[in-house]
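Under this note's numbering, the first residue of the sequence shown carries the number 40, and numbering increases by one thereafter. Note that the Cβ used here is the ideal one computed from N, Cα and C, for glycine as well. This report refers to the structure that appears directly beneath it.
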Amino acid sequence: MRARFGVGKAAGIGLFALTVSMNSHALGVSVLEGTHLNNFVTDDMLLNADKDPNNWLHYGRDYEGTRYSPLMQINQENVSDLVPKWNLSFGVIGAQDSQVMAVNGRLYVTSSHNIAFALDGTSGDVLWKYQRALPGDLGPKLCCGSVNRGVAVYKDKVYMATLDTHMVALDNNTGEVVWEKKLGDYKTGEILTSMPMIIDGMVVIGNSGGDLGANPGTVYALDADTGELIWKTYTVPMTGKEKIAKTWAGDSWKTAGGTPWLPPSYDKETGYILYGVGNPVPDFDGSVREGDNLYTGSTVAIDPKNGKIVKHFQYTPHDVWDYDGTNEAILIKDKEGRKTYLHADRNGHLYSIDRETYKCNWVVPMQRVNWVESFDSNCRPKVNPDKVPTEGKVTTDIAPTLGGGKEWHPAAYSKRTGMIYVPVIDMSMDLEAKKQEFKPGQWFLGTNTLRLHPGAGYLKAFNATTGELEWMRSQNVPATGGVLTTAGGLVFNGDAEGFFRAVKDDTGETLYEYNVGTGIHSNPTTYMVGDTQYVAVLVGPGGGSLWPLVYGEFFKHNTKGGGLFVFALHKK
Numbered sequence: 040m041r042a043r044f045g046v047g048k049a050a051g052i053g054l055f056a057l058t059v060s061m062n063s064h065a066l067g068v069s070v071l072e073g074t075h076l077n078n079f080v081t082d083d084m085l086l087n088a089d090k091d092p093n094n095w096l097h098y099g100r101d102y103e104g105t106r107y108s109p110l111m112q113i114n115q116e117n118v119s120d121l122v123p124k125w126n127l128s129f130g131v132i133g134a135q136d137s138q139v140m141a142v143n144g145r146l147y148v149t150s151s152h153n154i155a156f157a158l159d160g161t162s163g164d165v166l167w168k169y170q171r172a173l174p175g176d177l178g179p180k181l182c183c184g185s186v187n188r189g190v191a192v193y194k195d196k197v198y199m200a201t202l203d204t205h206m207v208a209l210d211n212n213t214g215e216v217v218w219e220k221k222l223g224d225y226k227t228g229e230i231l232t233s234m235p236m237i238i239d240g241m242v243v244i245g246n247s248g249g250d251l252g253a254n255p256g257t258v259y260a261l262d263a264d265t266g267e268l269i270w271k272t273y274t275v276p277m278t279g280k281e282k283i284a285k286t287w288a289g290d291s292w293k294t295a296g297g298t299p300w301l302p303p304s305y306d307k308e309t310g311y312i313l314y315g316v317g318n319p320v321p322d323f324d325g326s327v328r329e330g331d332n333l334y335t336g337s338t339v340a341i342d343p344k345n346g347k348i349v350k351h352f353q354y355t356p357h358d359v360w361d362y363d364g365t366n367e368a369i370l371i372k373d374k375e376g377r378k379t380y381l382h383a384d385r386n387g388h389l390y391s392i393d394r395e396t397y398k399c400n401w402v403v404p405m406q407r408v409n410w411v412e413s414f415d416s417n418c419r420p421k422v423n424p425d426k427v428p429t430e431g432k433v434t435t436d437i438a439p440t441l442g443g444g445k446e447w448h449p450a451a452y453s454k455r456t457g458m459i460y461v462p463v464i465d466m467s468m469d470l471e472a473k474k475q476e477f478k479p480g481q482w483f484l485g486t487n488t489l490r491l492h493p494g495a496g497y498l499k500a501f502n503a504t505t506g507e508l509e510w511m512r513s514q515n516v517p518a519t520g521g522v523l524t525t526a527g528g529l530v531f532n533g534d535a536e537g538f539f540r541a542v543k544d545d546t547g548e549t550l551y552e553y554n555v556g557t558g559i560h561s562n563p564t565t566y567m568v569g570d571t572q573y574v575a576v577l578v579g580p581g582g583g584s585l586w587p588l589v590y591g592e593f594f595k596h597n598t599k600g601g602g603l604f605v606f607a608l609h610k611k
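As C-alpha cells, then:
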C-alpha cells in the first residue's frame with residue numbers, strides 16, 4: 040500500500056487532505072482516496088442545530104429561530120463572574136448589525152462595509168479576512184448604512200450577501216472567492232443586507248430597497264455548490280394578472296415595494312420557508328394604492344421545491360405607517376400543544392399564528408398603540424381613522440413610530456420558561472402624506488413631515504401560550520439590540536448606551552452589566568469550545584434604526600466604533 044499525505048496552503052487553519060492509493064492486491068479496487076476538510080457543515084448539522092449545544096449555525100441558532108441555547112455553564116448563580124476574554128476591532132464605523140456564527144471552535148462574522156472574518160473562537164486570532172470592493176456611488180442607495188447581518192456556513196463554504204446585490208461564496212478555510220453571483224442592480228436601489236439561509240442545498244436570500252426605487256420584493260434561491268439560480272419568487276405582483284394584484288388599486292402594483300429584507304425561518308414539519316414581507320410604497324401616501332396590498336406587511340410560507348407562496352398571514356393590511364412585516368417568525372409548540380409561530384410586529388403587536396392554518400390564535404399590544412381600534416376574529420385590525428396620515432395635514436401622536444413596536448432586532452423564545460423576550464420601543468410620531476411622482480432609483484416615501492417624539496425602551500417577557508405580560512425591564516433608550524436566552528436561566532441583550540447585560544429569565548432581575556464603550560445594535564450568540572462557554576456580541580451603533588439617525592444630541596456624548604466582544608466566566 041502507498042499513502043500520500045498532502046498539506047494545502049491553508050493547513051495552518053484546518054485544511055488537511057489525505058489521499059491513499061492501493062493496488063488491486065489490497066482491497067480489490069484500483070483507487071482508494073478521500074479528502075477531509077475541517078469545519079465542514081453538513082445538512083444533518085443544519086437540520087439538528089437545535090440539538091447541538093456547542094455551535095451556532097443559523098440566524099436564530101436553529102431553523103425555528105428560537106435564539107435559545109441549551110448551554111448552562113453560565114447561569115444565574117455565576118454570571119456575575121462574566122468577563123471579556125478578548126475583543127476585535129473591525130477598523131470601520133457604522134452600524135454593526137451582524138452576529139457571530141460558530142462552527143466547532145471557529146467563528147465567522149461580518150462587519151459593516153461587507154467585510155467577513157474567520158476567527159479562532161478562544162483567542163480571537165484572525166484566520167482570514169475578506170473585504171468586498173464596493174462601488175463608489177453606492178452610498179446614496181443605502182437606507183440605513185452599509186450594514187450586513189452575517190453569513191451562512193455550509194459544507195466548505197461561507198456565504199455573504201453584498202450591498203451591491205451579489206452573493207459571494209468563500210472557501211471557509213482560506214477566505215478565497217469560490218463563486219459569486221450577481222442578483223440585482225444596486226443602481227435601482229436594490230441591495231442585499233440580510234443573512235442568507237441554507238435550505239435543501241440552496242442559498243436563500245431576500246432583497247432590500249423597496250423604499251428606494253420601489254424595487255419589488257424578491258426571494259432568490261441559488262445552488263449552494265455552483266451559485267446557479269434555482270428559482271426566484273416575487274412577494275408582490277409583477278404582471279398585474281396575479282390574484283393578489285386585485286388588492287392593489289389600478290396600476291399601483293407596478294411600484295409595490297414589499298421587500299423581504301430579514302432572514303427567514305424554516306418549518307421542518309410543513310417544509311415551508313417563512314419570510315416576512317416589508318411595507319408597500321409609497322410608504323405614507325396610501326391614497327394612490329387602495330386595497331390590502333398583498334403580500335406586504337405579511338409572513339408568507341414558501342415551498343422550497345418551487346418557490347411558490349402557498350400561505351400567508353397579513354398583520355397590517357394597507358400599511359400607511361411603514362410598519363413592514365419583516366420581523367422574524369419564531370416556531371414553537373405552545374403549552375396547549377398548538378403548533379404556532381410567534382411574531383412581534385413593528386405595528387406594535389405580538390401575534391400567535393397557527394402554523395397549519397395560518398389563522399390567528401391571539402394578538403396583544405406590546406406597548407402604547409393607537410393606530411388600531413380593535414381586531415376581528417382573525418386579528419384583522421380595525422384602523423383608527425384619526426391616525427391615518429393624509430395630505431395637507433399633520434397627523435399627530437401616532438403610536439408606535441415607523442420603527443416599531445419592535446424594530447428588526449430579533450426576539451428570543453425560552454424552552455425553559457415558555458416565554459418570548461421582546462426588545463420593545465415605546466415612541467410616537469407625526470406624519471403628513473404628500474403626492475409624489477415616482478422616479479426609478481429614487482426615494483418614494485410620499486411624506487412631507489416625519490417627526491418622532493421622545494420615548495423609552497424595554498425588554499419584555501410574554502407568555503408564549505397566552506400572550507400575557509410576565510415582566511418588563513425598562514431602559515433609557517429605545518431597544519436596539521437582539522435577544523439571546525439560555526438554559527442557564529439567562530436573557531442577554533445590549534442597548535444603544537453600550538450596556539451589555541444578563542437578566543433572570545423568570546423575573547427580569549438584572550444580574551450582570553458591562554459597558555462596551557459604544558452602542559450595541561446587534562444580536563448576541565453563544566457557543567462552547569472545549570470546556571468553556573462563550574457569549575459574543577458585536578458593538579457599534581448607527582443605521583438600521585431611525586432613532587439614532589435623527590437624534591444627533593445622542594452622539595455628542597456616545598461614541599461610534601465597530602468591533603466584537605467575547606465573554607466567558609473568570610477562571611479563578
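#1: Rounded to whole angstroms, what is the Cα-Cα separation between G317 and A451?
#2: If we ignore side chains and look at the alpha-carbon of each, how far apart do P517 and G533 end up?
#3: Indicate whether L222 and Y259 have their beta-carbon atoms separated by less than 8 Å.
#4: Pick helix, strand or coil for R43, following the three-state DSSP scheme.
#5: Does any residue of chain D bring its CB to less than 8 Å from the CB of G266?
#6: Counting C-beta neighbours from all protein chains within 10 Å, is the total for S513 16 or more, i.e. buried, or is it exposed?
#7: Going by C-alpha distance, which of V574, G579, T564 is nearest V555?
#8: Would you check if the distance between the CB atom of N409 and the CB atom of I437 is smaller than 8 Å?
#9: Can at least three beta-carbon pairs, one atom from the region 332 to 348 and one from the region 301 to 320, be found at a separation below 8 Å?
#10: Taking a contact to mean a Cβ-Cβ separation below 8 Å, would you say G601 touches V131 in this structure?
#11: Out of L491, D358, L173, Y334, state which residue places its alpha-carbon closest to the alpha-carbon of V349.
#12: Using alpha carbons as the reference points, say which of Q406, G387, P420 lies closest to E412.
#13: How would you call R394, buried or exposed, if buried means at least 16 neighbouring beta carbons within 10 angstroms?
#14: Run through DSSP, which three-state label would Q338 get?
#15: Where V359 and S304 are concerned, what is the direct C-alpha to C-alpha distance, given to the nearest angstrom?
#16: Going by C-alpha distance, which of G248, T272, M405, A503 is nearest D224?
#17: Mapping DSSP to helix, strand and coil, what is K221?
#18: Can you tell me the Cα-Cα spacing of L54 and L76, whole angstroms?
#19: State the DSSP-derived secondary structure class of L85, mapped to helix, strand or coil.
#20: With a CB to CB cut of under 7 Å and the five nearest residues on each side skipped, what residues in its chain are close to D250?
#21: Can you tell me the Cβ-Cβ gap for M458 and L110, rounded? I've got them flagged as a contact below 8 Å.
#22: Can you give the Cα-Cα distance for V522 and M405, rounded to whole angstroms?
#23: Report the rounded CA-to-CA distance for N400 versus R377, giving the unit in angstroms.
#24: Could you check the C-alpha separation between A157 and N423 for me, to the nearest Å?
#25: How many angstroms separate the CA atom of T274 from the CA atom of G228?
#26: Nearest to T486 by CA position, among G528, G431, S467, is which residue?
#27: Please report how far the alpha carbon of D120 lies from the alpha carbon of A541, in whole angstroms.
#28: Once the 5 residues before and after D324 are set aside, which same chain residues still bring their CB inside 6 Å of it?
#29: Which residues in the same chain as P302 place their Cβ atom closer than 6 Å to its Cβ, once the five residues preceding and following it in sequence are excluded?
#30: Counting along the chain, where does the beta strand (DSSP E) carrying L166 start and finish?
#31: Excluding five sequence neighbours on each side, which residues of the same chain lie with their C-beta closer than 6 Å to the C-beta of E329?
#32: Count the other CB atoms within 10 Å of the CB of E548; is the residue buried (16 or more) or exposed (fewer)?
#33: The beta strand (DSSP E) spanning I371 covers which residue range?
#34: Decide if L71 is buried, meaning its Cβ has at least 16 other Cβ atoms within 10 Å, or exposed.
#35: Considering Cα atoms alone, identify which of K180, T278, G73 is closest to G480.
#36: Tell me V542's beta-bridge partners as DSSP assigns them.
Straight from the coordinates:
#1: Position 278 of the sequence shown, counted from the first residue, corresponds to residue 317. Position 412 of the sequence shown, counted from the first residue, corresponds to residue 451. For G317 and A451, the distance between alpha carbons rounds to 21 Å.
#2: Taking the first residue of the sequence shown as 1, we reach residue 517 at position 478. Taking the first residue of the sequence shown as 1, we reach residue 533 at position 494. When rounded, the distance between both Cα atoms is 11 Å.
#3: Reading the sequence shown from its first residue, position 183 is the one you call residue 222. Reading the sequence shown from its first residue, position 220 is the one you call residue 259. Against a cut-off of 8 Å, the Cβ pair of Y259 and L222 comes out as a contact.
#4: Along the sequence shown, one-based indexing puts residue 43 at 4. Only weak support is given to the placement of R43: the predicted model assigns it a pLDDT of 31, under 50, and the value that follows is read from those uncertain coordinates. The answer is strand: DSSP assigns R43 an E or B state.
#5: The structure shown contains no chain D; it is built from a single protein chain.
#6: Within the sequence shown, the letter at position 474 stands for residue 513. Under this definition S513 is an exposed residue.
#7: To locate residue 555, count along the sequence shown from 1; it is residue 516. If we check each option's Cα against that of V555, G579 comes out closest.
#8: Here residue 409 refers to the residue found at position 370 when the sequence shown is read from its first residue. Here residue 437 refers to the residue found at position 398 when the sequence shown is read from its first residue. Result yes, Cβ atoms of N409 and I437 sit closer than 8 Å.
#9: yes
#10: Locating residue 601 in the sequence shown gives position 562, where the first residue counts as 1. Locating residue 131 in the sequence shown gives position 92, where the first residue counts as 1. For G601 and V131, yes; Cβs fall inside 8 Å.
#11: Along the sequence shown, read from residue 1 onward, the residue named residue 349 stands at position 310. Nearest option by C-alpha distance: Y334.
#12: For this step, residue 412 is matched to residue 373 along the sequence shown. E412 has its Cα closest to that of P420, out of Q406, G387, P420.
#13: Residue 394 sits at position 355 when you count from the first residue of the sequence shown. By the neighbour-count rule (16 or more Cβ atoms within 10 Å), R394 is buried.
#14: Your numbering for residue 338 matches position 299 in the sequence shown. Looking at the sequence shown, residue 338 is not Gln but Thr. Note: T338 maps to strand in three-state DSSP.
#15: Along the sequence shown, one-based indexing puts residue 359 at 320. Along the sequence shown, one-based indexing puts residue 304 at 265. Taking the straight line from one Cα to the other gives about 26 Å.
#16: The residue labelled residue 224 in the question sits at position 185 within the sequence shown. When only C-alpha atoms are compared, the closest one is G248.
#17: Here residue 221 is taken as the residue at index 182 of the sequence shown, counted from 1. Of the three classes helix, strand and coil, the one that applies to K221 here is strand, per DSSP.
#18: Here residue 54 refers to the residue found at position 15 when the sequence shown is read from its first residue. Here residue 76 refers to the residue found at position 37 when the sequence shown is read from its first residue. Note that L54 has pLDDT 44, beneath the 50 cutoff, so the model's placement of it is unreliable and no number is given.
#19: Here the question's residue 85 lines up with position 46 in the sequence shown. If DSSP states are grouped into helix, strand and coil, L85 belongs with the helices.
#20: The count along the sequence shown starts at 1 and reaches residue 250 at position 211. Once the five neighbours on either side are set aside, the close Cβ partners of D250 are C182, G296, V320, D322, W482, F483, L484.
#21: For the purposes of this step, residue 458 is identified with residue 419 of the sequence shown, where counting begins at 1. For the purposes of this step, residue 110 is identified with residue 71 of the sequence shown, where counting begins at 1. Contact doesn't hold; Cβ gap of about 18 Å is too wide.
#22: The residue given as residue 522 occupies position 483 in the sequence shown. The residue given as residue 405 occupies position 366 in the sequence shown. Looking at the two C-alpha atoms, the distance is approximately 16 Å.
#23: Against the sequence shown, residue 400 aligns to sequence position 361. Against the sequence shown, residue 377 aligns to sequence position 338. Whole-angstrom Cα-Cα distance: 9 Å.
#24: In the sequence shown, the residue the question calls residue 157 occupies position 118. In the sequence shown, the residue the question calls residue 423 occupies position 384. Rounded to the nearest angstrom, the two C-alpha atoms are 50 Å apart.
#25: Start at 1 with the first residue of the sequence shown, and residue 274 comes out as number 235. Start at 1 with the first residue of the sequence shown, and residue 228 comes out as number 189. Their backbone Cα atoms lie some 17 Å apart in a straight line.
#26: Walking along the sequence shown from the start, residue 486 turns up at place 447. For T486, the nearest C-alpha among the options comes from G431.
#27: The sequence position of residue 120 within the sequence shown is 81, counting from 1. The sequence position of residue 541 within the sequence shown is 502, counting from 1. Distance between the alpha carbons of D120 and A541: 12 Å.
#28: By one-based count along the sequence shown, residue 324 stands at place 285. Excluding sequence neighbours, D324 sits near A472, G485.
#29: On the sequence shown, residue 302 is found 263 positions in, with the first residue counted as 1. Answer for P302: Y98, S233, M234, M236, listed in chain order.
#30: Sequence index remark: in the sequence shown, residue 166 carries index 127 (1-based). L166 -> beta strand (DSSP E) spans 165 to 170.
#31: Counting from 1 along the sequence shown, the entry for residue 329 is found at position 290. Closer than 6 Å at the Cβ level, and outside the excluded window around E329, lie A288.
#32: Looking up residue 548 in the sequence shown gives position 509. Exposed is the call here.
#33: Numbered from 1 along the sequence shown, position 332 holds the residue referred to as residue 371. That run of the beta strand (DSSP E) goes 369 to 372.
#34: Within the sequence shown, the letter at position 32 stands for residue 71. Burial call: exposed.
#35: Within the sequence shown, numbered from 1, the residue matching residue 480 stands at position 441. It is K180 whose Cα lies nearest to the Cα of G480.
#36: Translated into the one-based positions of the sequence shown, residue 542 becomes position 503. In DSSP, V542 forms a bridge with V530, T549.
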